[in-house]
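First comes the structure, then the notes that go with it.
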Ligand SMILES: [Zn+2]
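Numbering (my numbering), first residue to last: 69 to 152.
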């Protein structure tokens, strides 16, 4: 968690990391691909469409940090976040 690059987002469909710019392009394509693959599955194997988590995008930076984080890390985190 501490090593996560601030500018990267995880695709909620396939779980891979993408830049904050490319994820907005990737996600609709990934979802379309997911539907194509899902429709090819037998009815009893089909999955429920993945839901986009509500906590994402820029509000991510506003989440209160866990107490275990040091002040030094909080400052570093803020610096990296502002670079986005
Ligand atoms: Zn994806």
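Think of the CB as a built atom: it goes at the ideal place given N, C-alpha and C, for glycine as much as any other residue.
Extent of the continuous alpha helix (DSSP H) to which residue i belongs
i           : result
residue 85  : Not the alpha helix (DSSP H): residue 85 falls in the beta strand (DSSP E), residues 85 to 87.
residue 100 : 90 to 108
Beta strand (DSSP E) segment containing residue i, residue limits
i          : result
residue 78 : 76 to 78
Residue i in three-state terms, based on DSSP
i           : result
residue 111 : helix
Where residue i falls, given that 16 or more other Cβ within 10 Å makes a residue buried
i          : result
residue 93 : exposed
Heavy atom of ligand 2 within 8 Å of residue i beta-carbon
i          : result
residue 95 : Among the ligands in the structure shown, ligand 2 does not appear; only ligand 1 can be found there.
7 Å Cβ shell around residue i - same chain, five flanking residues per side excluded
i           : result
residue 120 : 80
residue 91  : 77, 79
Cut-off 8 Å between Cβ atoms - residues of its own chain near residue i, not counting five sequence neighbours on either side
i          : result
residue 84 : 78
Cutoff 6 Å; reference residue i; Cβ partners in own chain excluding five residues on either side
i           : result
residue 103 : none
Please determine if the region 79 to 86 and the region 95 to 105 are in contact, where contact requires at least 3 C-beta pairs separated by less than 8 Å.
yes
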